[in-house]
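*Asks:* Numbering (UniProt numbering), first residue to last: 1 to 661.
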Amino acid sequence: MLGSREQLCCHQDVSKLTGPSQSAACQALTAAQSCVYYRKLQEAKRKHGSLAHPQAAADESVRAVPDIEDFVSSSKRDELCPFYLARELQVCSDVLFLPYNYLLDPKVRRALNINLASDVLIFDEAHNIERVCADAASFDLSSLELAGAVREVDRLLAGARNRGADDSEAVDPEVDGLENANGGVRGVSPDELVRLRQLLLAVDESVAKVPLQQTRAEARYVAAGEELGRMLGAAGIDGVTVTPLVELCERCVTTLGEAARFGVTAGSSFNLQKLADAFKIAFDPERSPAEYRLCIHELKEREGGKGGGAGGKARAAGTLDAKPRVLGYWCFHSGAAMRALKAAGVRSVLLTSGTLSPLGSFADELGLPFEYKLENPHVIDPQAQLLIGTFTKGPSGHELTSSYAQRESEDAKRDLGNAIINFARLVPQGVLVFFPSYSAMQSAHAAWALASPDGGPSVLERLRKLKTLVVEPRDASECAAAVQTFQDAVQSSLFRGTGGAMLLAVCRGKLSEGVDFADSACRGVVITGLPLPPAFDAKVELKRQYLDQRRAGAARSSGLGGSGASGMLSGEAWYHQQAMRAVNQAVGRVIRHRNDFGAVMLCESRFAKSAWVDGLSLWLRPHVKQFSSFGQGYPALQRFFKLRSELASTAAAKGGVGTAT
């Protein structure tokens, strides 16, 4: 089981850092043999020759297969570094668990010495793989980060110059600390730093002078991927100069990281490292610029909170008047990463997920032909264990939809709330309500907090009388506590026989996958709209255009009247698939094993159309009931849970198992 330092480090100081500064601090400590955990690990290796030896594993208490938290705890108890211990144990492993990017990024594979020849690769939750591949091959670089990188170079320049200063001269304590921590700026000359600074300013100037065009969403400049090479070339960076440039950036990061270890510099990451990573992607010979688009746009407020370190300067040149910009180089085809796996000599690649369909276009997006495709029905009996229905209207007759035309209707929001109140009366124990986005959830929550037009209690007040209400937090660190509150309320309801809990969550959010809401934790899932990606987002627009252009090009080159594009995804089809994969992930929370049961309420009028129902997972499609009115669907839901209650009572009387509680 491999993980990052952020997951595995147990050193008192280094574990508090993140990103490149954590890596650099770790490397400095291990090189000096100053980390007790690393030192003890090396002693164990010398004792046994290798920790991959079975007796070594037994002696060092690592033969069991713990989860990552237990692995860190036991390693810390034994004073062995979990990060490097995991790498040692990798050598003798038959089964290796690791994050996607460890396999998909060739640089990481080389660093970890992962040999894939004849290996079988299994990607779980593989519906994410296309996005992970594309994101790993893309970058966004803001002018604030360029300004921060210039400041880092300036700090190193000051440290280098300080070495020649007289003792009588006043010295900036931060600069002096760099020298003390590192014996000067070891391995980086002032001339190199001056040249690096000039290059960074030239890149910033190239980005700043590009004319932006106003779109419906923002001002932006869009070009083919090849344009980035021309832009960087004008700044003096090309396929020849990029290698020493990246190496210089990484030497600077190492120096800054060692200083961070000694408490000299603040910050948990370095802009120079991000630049180095961006330059590697921009000039990677294994990737085709034709699979990329260049997008320069003004920095949005939500993008500006990380990594700048620019002291308020919007530009690396130090100007304050210009708006900060972002240089985006975005990959729209994940084929390169998957082709690299194939070239590494893997025996088989298995992709598993409940939301891969349609399989043909999914395989096309990955750029690999898959000889075997399997799409199974569910292990449950859907007739007895599942109710799934489309509710096109609320109790008062308002259309239930998240479409642009209806999403701001206060009456529709109130009617959706009334529908959910009715569901809460019928669905026992736990209910999950999924919204298309955080903003949609917040908007509904705000509307439900208002008093009823007739002066009665609000929707939220009525809901809280029926179930404990929990809202998914935006902050990932707070999610575990929210889930625990929800599950505690569900468990409490089992003893009382009434009540339960309701969790308001978001499709594609932290709780829509990866959390097991089995049995009583989820007897019902409510989908309150279609989680379509934002239509005017630059990445979404460009992805759709890329797919349409690629498809049209394939049709032209085939000369077969368009049949050459068969199986290739159109931009519109991709756009719909993104919504349906998110819906299917959320709906999948309701059934977790063969004895489980529950109901799915699709509160979205567009599910009355077969085009959207066809996007549901195979095991759901044949069983979708269409309710023309809320009054038609409510009794069906009532009958379903009455039958489940009777079956549970019968099974309990017979002393059997047969059903889940």
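Virtual Cβ for every residue (Gly too), placed ideally from N, Cα, C.
How should T528 be labelled, buried or exposed, when 16 other C-beta atoms within 10 angstroms of its C-beta is the threshold for buried?
*Replies:* Translated into the one-based positions of the sequence shown, residue 528 becomes position 528. When all chains shown are included, T528 counts as buried.
*Asks:* Could you give the residue range of the alpha helix (DSSP H) that holds V36?
*Replies:* Residue mapping note: residue 36 aligns to position 36 of the sequence shown, counting from 1. Residues 36-48.
*Asks:* Starting from G328 and walking both ways along the beta strand (DSSP E), at which residues does that stretch end?
*Replies:* Taking the first residue of the sequence shown as 1, we reach residue 328 at position 328. Per DSSP, G328 belongs to the beta strand (DSSP E) from 325-331.
*Asks:* Would you kindly report the start and end of the unbroken alpha helix (DSSP H) that includes K468?
*Replies:* Translated into the one-based positions of the sequence shown, residue 468 becomes position 468. Per the sequence shown, residue 468 should be read as Thr rather than Lys. No alpha helix (DSSP H) contains T468, which is instead part of the beta strand (DSSP E) from 468-471.
*Asks:* Among R407, G236, G354, L432, which one has its Cα closest to the Cα of L616?
*Replies:* Translated into positions along the sequence shown, residue 616 becomes position 616. Out of R407, G236, G354, L432, G354 has the C-alpha closest to the C-alpha of L616.
*Asks:* Buried or exposed, going by whether 16 or more other CB atoms sit within 10 Å of the CB of T390?
*Replies:* The residue given as residue 390 occupies position 390 in the sequence shown. Buried, since its Cβ has 16 or more Cβ neighbours within 10 Å.
*Asks:* Leaving out five residues on either side along the sequence, give the residues of the same chain with a beta carbon under 7 Å from the beta carbon of S437.
*Replies:* Residue mapping note: residue 437 aligns to position 437 of the sequence shown, counting from 1. Once the five neighbours on either side are set aside, the close Cβ partners of S437 are V506, P531.
*Asks:* Note the first and the last residue of the continuous alpha helix (DSSP H) segment covering H445.
*Replies:* On the sequence shown, residue 445 is found 445 positions in, with the first residue counted as 1. Note, H445: alpha helix (DSSP H), 438-448.
*Asks:* Could you tell me how far apart the beta carbons of R197 and V150 are, in whole angstroms, since I believe they sit closer than 8 Å?
*Replies:* On the sequence shown, position 197 is the one that residue 197 refers to. On the sequence shown, position 150 is the one that residue 150 refers to. At roughly 6 Å, the Cβ-Cβ gap stays under 8 Å, so R197 and V150 are in contact.
*Asks:* Applying the 10 Å Cβ sphere with the 16-neighbour rule, what's the burial state of P82?
*Replies:* The residue given as residue 82 occupies position 82 in the sequence shown. Buried.
*Asks:* Just to confirm the assignment, what range does the beta strand (DSSP E) spanning I296 have?
*Replies:* For the purposes of this step, residue 296 is taken as the residue at position 296 of the sequence shown. From DSSP, the beta strand (DSSP E) with I296 extends over 292-298.
*Asks:* Looking only at its chain, what residues have a beta carbon closer than 8 Å to the beta carbon of H445, apart from the 5 residues adjacent to it on each side?
*Replies:* Residue numbering aside, residue 445 sits at position 445 when the sequence shown is read from its first letter. Counting only Cβ-Cβ distances below 8 Å, and skipping sequence neighbours, we find L460, V471, L504.
*Asks:* Could you tell me which uninterrupted alpha helix (DSSP H) segments, each at least 4 residues in length, are contained entirely in the stretch 193-252, listed from first to last along the chain?
*Replies:* Entirely contained in the stretch 193-252, the alpha helix (DSSP H) runs reaching 4 residues are, in chain order, 226-234.
*Asks:* With DSSP as the reference, identify every bridge partner of S142, one or two as the case may be.
*Replies:* Numbered from 1 along the sequence shown, position 142 holds the residue referred to as residue 142. DSSP lists V326 as partners of S142.
*Asks:* I'd like the span of the alpha helix (DSSP H) that includes K16, first residue to last.
*Replies:* Translated into the one-based positions of the sequence shown, residue 16 becomes position 16. K16 -> no alpha helix (DSSP H), and no H or E assigned at all.
*Asks:* Kindly indicate which residue of F139, K413, A489 has the alpha-carbon position closest to the one of S520.
*Replies:* Looking up residue 520 in the sequence shown gives position 520. The residue with the shortest Cα to Cα distance from S520 is A489.
*Asks:* Beta carbon of G328: closer than 7 Å to some heavy atom of the ligand MG?
*Replies:* No copy of the ligand MG appears in this structure; indeed no ligand is present at all.
*Asks:* Just tell me which of Y372, S143, W448, P457 has its CA closest to the CA of A202.
*Replies:* The sequence position of residue 202 within the sequence shown is 202, counting from 1. Considering only alpha carbons, the answer is S143.
*Asks:* My output table needs one value for G524: the three-state DSSP class, helix, strand or coil.
*Replies:* The count along the sequence shown starts at 1 and reaches residue 524 at position 524. Three-state DSSP puts G524 in a strand.
*Asks:* Based on Cα-Cα distance, which residue from S74, S645, L116 lies nearest to R347?
*Replies:* Along the sequence shown, one-based indexing puts residue 347 at 347. Closest by alpha carbon: L116.
*Asks:* Measuring CB to CB, does L359 end up less than 8 Å from K373?
*Replies:* Residue mapping note: residue 359 aligns to position 359 of the sequence shown, counting from 1. Residue mapping note: residue 373 aligns to position 373 of the sequence shown, counting from 1. Closer than 8 Å, so yes.
*Asks:* For the beta strand (DSSP E) that K625 lies in, which residues bound it at each end?
*Replies:* Translated into positions along the sequence shown, residue 625 becomes position 625. First-last of the beta strand (DSSP E) with K625: 624-627.
*Asks:* Do C295 and A535 have their beta-carbon atoms positioned less than 8 Å apart in this structure?
*Replies:* For the purposes of this step, residue 535 is taken as residue 535 along the sequence shown, with counting starting at 1. For the purposes of this step, residue 295 is taken as residue 295 along the sequence shown, with counting starting at 1. It is not a contact, given that the beta carbons lie outside the stated cut-off.
*Asks:* Mind pulling the alpha helix (DSSP H) runs of 4 or more residues that sit fully within the stretch 334-397?
*Replies:* Listed in chain order, they are 335-343, 359-366, 382-385.
*Asks:* Output needed for V587: all residues of its chain with C-beta closer than 6 Å, excluding positions within five of it in sequence on either side, in chain order.
*Replies:* Counted from its first residue, the sequence shown places residue 587 at position 587. Counting only Cβ-Cβ distances below 6 Å, and skipping sequence neighbours, we find V525, V600.
*Asks:* Using CA atoms only, rank isn't needed, just tell me which of L466, L511, L469, S452 is closest to A480.
*Replies:* Here the question's residue 480 lines up with position 480 in the sequence shown. Per the Cα distances, L511.
*Asks:* Short of 6 Å in beta carbon distance, which residues of its chain neighbour E541, apart from the five on each side in sequence? Order them along the chain.
*Replies:* As a working note, residue 541 is residue 541 in the sequence shown. Taken in chain order, the list of residues that qualify is empty.
*Asks:* Go ahead and pull the three-state DSSP assignment for E399.
*Replies:* As a position in the sequence shown, residue 399 is number 399, starting the count at 1. Correct three-state label for E399: strand.
*Asks:* By alpha-carbon positions, which one of C9, A31, N113, D105 ends up nearest to F71?
*Replies:* Here residue 71 is taken as the residue at index 71 of the sequence shown, counted from 1. If we check each option's Cα against that of F71, C9 comes out closest.
*Asks:* Does the beta-carbon distance from F641 to P428 come in below 8 Å?
*Replies:* Position 641 of the sequence shown, counting from 1, holds the residue named residue 641. Position 428 of the sequence shown, counting from 1, holds the residue named residue 428. Going by C-beta atoms, F641 is nearer than 8 Å to P428.
*Asks:* Confirm, please, whether the CB-CB distance from A86 to L2 is below 8 Å.
*Replies:* For the purposes of this step, residue 2 is identified with residue 2 of the sequence shown, where counting begins at 1. For the purposes of this step, residue 86 is identified with residue 86 of the sequence shown, where counting begins at 1. Yes.
*Asks:* Expressed to the nearest angstrom, what Euclidean distance is found between the alpha-carbon atoms of F627 and E604?
*Replies:* Along the sequence shown, read from residue 1 onward, the residue named residue 627 stands at position 627. Along the sequence shown, read from residue 1 onward, the residue named residue 604 stands at position 604. Going by the C-alpha atoms only, they are around 11 Å apart.
*Asks:* From F597, G631, I420, L647, pick the residue whose C-alpha is nearest to that of P382; which is it?
*Replies:* Counted from its first residue, the sequence shown places residue 382 at position 382. Among F597, G631, I420, L647, the Cα nearest to that of P382 belongs to F597.
*Asks:* Closest to A501 by C-alpha separation, out of N128, D284, A134, Q484, would be which residue?
*Replies:* Within the sequence shown, the letter at position 501 stands for residue 501. Among N128, D284, A134, Q484, the Cα nearest to that of A501 belongs to Q484.
*Asks:* To which residues does DSSP link L503 through a beta bridge?
*Replies:* Locating residue 503 in the sequence shown gives position 503, where the first residue counts as 1. Per DSSP, L432, V470.
*Asks:* Straight-line CA distance for F283 to G509?
*Replies:* As a working mapping, residue 283 is identified with position 283 in the sequence shown. As a working mapping, residue 509 is identified with position 509 in the sequence shown. Cα to Cα, the separation comes out at about 34 Å.
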